Amino acid sequence: MRLALILLVAAVALTGVAPARAATQSDFETAYRAAAEAERQAGVLRNQWTPTETALKAAEKAAATKDYDAAVDLARRAQALAEASIDQAKDQDKLWQNAVLK
Amino acid sequence: MRMAIAAIGRRAAACLVLLLALVLPPASAEQRSDPAADQRAFQAYFRKAFPSVGLNDFANGPYAVDKDMRKQWEEIMQFPPYDFALDDGKKLFETPFKNGKTYADCFPQKGIGIRQNYPYFDRQTGEVVTLDLAINRCREKNGETPLAYQVGDMAAIDAYMASTSRGKPFAIEIPDDPRALAAYEEGKKFFYARRGQLNFSCASCHVQAAGKRLRGDILAPALGILASFPIYRSDWGSMGTVDRRFISCNEQVRSVAFKPEDALYRDLEYFLSYMSNGVAIAGPGTRP
């Protein structure tokens, strides 16, 4: 039994499963900066999405209440959405022609 | 012997390249815009898709393609909900500015019966000018503050001016000016390019799904879609301009909308209006 417990602890240690560290303000700022930059680029392409804006605002709101775990999650979500909108704009820059009535 | 064969091969290859260059158009020519051809294809598509709808009836959007909705519309039109705006618009249009001048002083034909010519391409400024933009420029030129673009007095003045053009077919011109063609192309691209998290283009609804249901709505065909503007929309409970419609469409597909009269919206209006050349103005109109 004792051996099994030791092995379990060792396995957990080896696989890197450890209690998650709470996000800090600095983590939020890093995540938010990346998201805001992606959204800025989407703006240059004139293709921003409303859910990105919503996620960015929600991230700010969570950070204001010092809920940095939620703030980081929301900022990362905003970044993913902004990157998807950038991809859409780049794809559609050529693909739109396929839809033209001929 | 081998050298001779190789030389013949090289010559044949050179001839083939020359022949292809003569026969095939350059890549850029493929993308060169031909608005007249676009318009023919655009109108032919809708005439084929809705063979029983007359050209002018396309101005009535969903009411032209759905019998039940048409019945409801005919009843609504016994007391058109835009009538109040129309009265207000006439009053506003005729009321002099502080300097004594009126809107009539800013427009050709004193502003009467000209809606079908808007938007137009202004060669001096190199931009597309919509009727609403011209209304606000008129105000500013006469020392008045510009109106909000989407609702209220702007929609009312727009409604009155449109009413004086009823029955006159859209007659949008694209002058022989590369800037005009570029604006047309931008509008065309905006119409066909997908945007927003829902990945919809204007064409997704108003070409590919025209006449079909989207939840409770029947989607209007893109042909003639702007001929009834401004509109009283029951969903809004008030009048709205083309800008209001573009902005709400963009928001519905979860795209961040642009400001009213953004160059892209003006280009889109230019493209769509040109596609509808020949459809008679029927504004102001109503929509569900």
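Quick mapping for you: the protein sequence lines, in order, are chains U and V. The numbering of the first sequence is my numbering, which starts it at 1204 and goes up by one. The numbering of the second sequence is my numbering, which starts it at 110 and goes up by one. Note that beta-carbon positions come from the ideal geometry of N, C-alpha and C, so glycine has one too. Quick caveat, the model's predicted, so the values are computed rather than measured.
Between the segment 246–279 of chain V and chain U, which residues of the former have a C-beta closer than 7 Å to a C-beta of the latter? Those would be none; no residue qualifies.
Which residues, in order along the segment 351–372 of chain V, keep a beta-carbon less than 8 Å from a beta-carbon of chain U? Among the residues of the segment 351–372 of chain V, those with a Cβ less than 8 Å away from any Cβ of chain U are E360, R363, S364, V365, F367, in the order of the chain.
Note the first and the last residue of the continuous beta strand (DSSP E) segment covering F188(V). For the purposes of this step, residue 188(V) is taken as residue 79 along the second sequence, with counting starting at 1. Neither: F188(V) is in no beta strand (DSSP E) and is coded neither H nor E.
Using the rule of at least 16 other Cβ atoms within 10 Å of the residue's Cβ for burial, across every protein chain shown, is S174(V) buried or exposed? Translated into the one-based positions of the second sequence, residue 174(V) becomes position 65. One detail in the question is off: residue 174(V) reads as Val in this sequence, not Ser. In summary, V174(V) is buried, with 16 or more beta-carbon neighbours lying within 10 Å of its beta-carbon over all protein chains present.
Below 9 Å between beta carbons is the criterion; list the residues of the segment 1247–1258 of chain U that meet it against any residue of chain V, in chain order. For the segment 1247–1258 of chain U, the beta-carbon criterion of a distance under 9 Å to any beta-carbon of chain V is satisfied by R1249, N1250, Q1251, W1252, T1253, P1254, T1255, E1256.
At a CB-CB cut-off below 8 Å, which residues of chain U make contact with R303(V)? Counting from one through the second sequence, the residue named residue 303(V) turns up at place 194. The answer, in chain order, is Q1291, Q1295, L1298, W1299.
Starting from the beta carbon of Q225(V), find every residue of chain U whose beta carbon is closer than 9 Å, and list them in chain order. By one-based count along the second sequence, residue 225(V) stands at place 116. Within 9 Å Cβ-Cβ: nothing; Q225(V) doesn't reach chain U, min ~23 Å.
Give me whichever residues DSSP pairs with F300(V) in a beta bridge. In the second sequence, the residue the question calls residue 300(V) occupies position 191. By DSSP's assignment, F300(V) forms no beta bridge with any residue.
Am I right that L1273(U) and A1265(U) are in contact with their C-beta atoms under 8 Å? What's the rounded C-beta distance? The residue labelled residue 1273(U) in the question sits at position 70 within the first sequence. The residue labelled residue 1265(U) in the question sits at position 62 within the first sequence. As written in the sequence, residue 1273(U) is Ala, which differs from the Leu given in the question. About 4 Å separates the two Cβ atoms, so the contact holds.
Would a check of beta-carbon distances place A1267(U) closer than 8 Å to chain V? Counting from 1 along the first sequence, the entry for residue 1267(U) is found at position 64. The C-beta of A1267(U) comes no closer than 8 Å to any C-beta of chain V.
Do three or more CB pairs link the segment 196–203 of chain V to the segment 353–373 of chain V at distances below 8 Å? Result no; under three Cβ-Cβ pairs closer than 8 Å.
Beta strand (DSSP E) containing F380(V): first to last residue? Position 271 of the second sequence, counted from the first residue, corresponds to residue 380(V). In the DSSP assignment, F380(V) falls outside any beta strand (DSSP E) and lies within the alpha helix (DSSP H) extending over 372–384.
Output the distance between the C-alpha atoms of R1236(U) and F367(V), rounded to the nearest integer angstrom. Counting from 1 along the first sequence, the entry for residue 1236(U) is found at position 33. Counting from 1 along the second sequence, the entry for residue 367(V) is found at position 258. Cα to Cα, the separation comes out at about 24 Å.
Buried versus exposed call for S137(V) [16 or more other C-beta atoms within 10 Å across all chains shown]: On the second sequence, position 28 is the one that residue 137(V) refers to. Low per-residue confidence applies at S137(V): pLDDT is 45, beneath 50, and the placement is therefore not dependable, though the value from the model is reported in the following sentence. Counting every other CB atom within 10 Å of its CB across the protein chains shown gives S137(V) a total below 16, marking it as exposed.
Burial state of A265(V) (16 or more Cβ within 10 Å): Position 156 of the second sequence, counted from the start, is the residue given in the question as residue 265(V). The residue in question, A265(V), is buried, as its Cβ has 16 or more Cβ neighbours within 10 Å.
Below 8 Å, how does it come out for the segment 386–396 of chain V and the segment 332–339 of chain V: are there three or more Cβ pairs, yes or no? Flag = yes, the segment 386–396 of chain V and the segment 332–339 of chain V touch.
Scan the segment 281–312 of chain V for residues whose Cβ lies nearer than 8 Å to a Cβ of chain U and list them as they occur along the chain. In summary, the residues of the segment 281–312 of chain V whose CB is separated from some CB of chain U by less than 8 Å are K297, K298, Y301, A302, R303, R304, G305, Q306, N308, S310, A312, in the order they occur in the chain.
Is A136(V) close to chain U, meaning its C-beta is less than 8 Å from at least one C-beta of that chain? To locate residue 136(V), count along the second sequence from 1; it is residue 27. With a pLDDT of 42 at A136(V), under the threshold of 50, the modelled position of this residue cannot be trusted; read the value that follows with caution. Against chain U, the CB of A136(V) has no partner CB under 8 Å away; the residue lies outside that interface.
Skipping 5 residues on each side, what residues in its chain have a beta carbon closer than 7 Å to that of S382(V)? In the second sequence, residue 382(V) corresponds to position 273, counting from 1. Beyond the five residues adjoining it in sequence on each side, S382(V) comes within less than 7 Å, by CB distance, of P228, F279, I281, L335 in the same chain, given in chain order.
For the alpha helix (DSSP H) holding T1253(U), just list the boundary residues, first then last. Mapped onto the first sequence, residue 1253(U) falls at position 50. Start and end: 1253–1267.
Roughly how many whole angstroms lie between the Cα atoms of Y379(V) and K176(V)? On the second sequence, position 270 is the one that residue 379(V) refers to. On the second sequence, position 67 is the one that residue 176(V) refers to. Going from the Cα of Y379(V) to the Cα of K176(V) covers about 30 Å.
Please report how far the alpha carbon of Y407(V) lies from the alpha carbon of T204(V), in whole angstroms. What is shown of chain V runs 110 to 397, which leaves residue 407(V) out entirely.
Could you check which residue in P144(V), A145(V), A153(V) has the C-alpha nearest to that of V316(V)? Your numbering for residue 316(V) matches position 207 in the second sequence. Minimum Cα distance to V316(V) is reached at A153(V).
Can you pull the chain U residues whose beta carbon is under 8 Å from the beta carbon of Y154(V), in chain order? Taking the second sequence and counting its residues from 1, the one referred to as residue 154(V) is at position 45. Going along chain U in sequence order, the residues near Y154(V) (Cβ under 8 Å) are L1304.
Assign F188(V) to buried or exposed, taking buried as 16 or more other Cβ atoms, counted over all protein chains shown, within 10 Å of its Cβ. Against the second sequence, residue 188(V) aligns to sequence position 79. F188(V) comes out exposed.
Using only alpha-carbon positions, find the residue among D241(V), G333(V), S313(V), Q225(V) that is nearest to V162(V). Counting from one through the second sequence, the residue named residue 162(V) turns up at place 53. Residue G333(V) is the option with its Cα nearest to V162(V).
Reference E1242(U); option with closest CA among Q1291(U), A1285(U), L1298(U): Within the first sequence, residue 1242(U) is the residue found at index 39, counting from 1. Of the candidates Q1291(U), A1285(U), L1298(U), the one whose C-alpha sits nearest the C-alpha of E1242(U) is A1285(U).
How would you label K1293(U), buried or exposed, when you count the other beta carbons within 10 angstroms and need 16 or more for buried? Position 90 of the first sequence holds residue 1293(U). By the neighbour-count rule (16 or more Cβ atoms within 10 Å), K1293(U) is not buried but exposed.
Within the same chain, show all residues whose beta-carbon is closer than 6 Å to that of R396(V), passing over the 5 residues directly before and after it, in chain order. Translated into the one-based positions of the second sequence, residue 396(V) becomes position 287. If we look at R396(V) and ignore the five residues flanking it on each side, its Cβ neighbours are I340, R342.
Give me the Cβ distance between R224(V) and L201(V), rounded to the nearest whole Å; I'm assuming they're in contact under 8 Å. Taking the second sequence and counting its residues from 1, one reaches residue 224(V) at position 115. Taking the second sequence and counting its residues from 1, one reaches residue 201(V) at position 92. Contact flag wrong, Cβ pair sits at about 16 Å.
Just the Cα atoms here: how many angstroms apart are P160(V) and A150(V)? Locating residue 160(V) in the second sequence gives position 51, counting from the first residue. Locating residue 150(V) in the second sequence gives position 41, counting from the first residue. Roughly 15 Å between the two C-alpha positions.
Can you say whether K180(V) is buried or exposed, counting buried as having 16 or more other CB atoms within 10 angstroms of its CB? Counted from its first residue, the second sequence places residue 180(V) at position 71. Note on K180(V): under 16 other CB atoms within 10 angstroms of its CB, so exposed under the neighbour-count rule.
Can you give me the start and stop residues for the beta strand (DSSP E) that S347(V) sits inside? Start at 1 with the first residue of the second sequence, and residue 347(V) comes out as number 238. Bounds of the beta strand (DSSP E) holding S347(V) are 347–349.
Three or more beta-carbon pairs under 8 Å between the segment 265–275 of chain V and the segment 291–300 of chain V, yes or no? By the Cβ rule, the segment 265–275 of chain V does not count as touching the segment 291–300 of chain V, because fewer than three pairs are nearer than 8 Å.
If you drop the 5 nearest sequence neighbours on each side, which residues of the same chain put their C-beta closer than 6 Å to that of V1275(U)? To locate residue 1275(U), count along the first sequence from 1; it is residue 72. The beta carbon of V1275(U) sits closer than 6 Å to the beta carbons of A1226, D1230, F1231, A1234 from its chain, once the five residues preceding and following it are set aside; these are given in chain order.
Report the neighbours of V174(V) on chain U: residues whose CB is nearer than 9 Å to its CB, in chain order. Along the second sequence, one-based indexing puts residue 174(V) at 65. At a beta-carbon threshold of 9 Å, none of the residues of chain U lie near V174(V); the nearest stands roughly 17 Å away.
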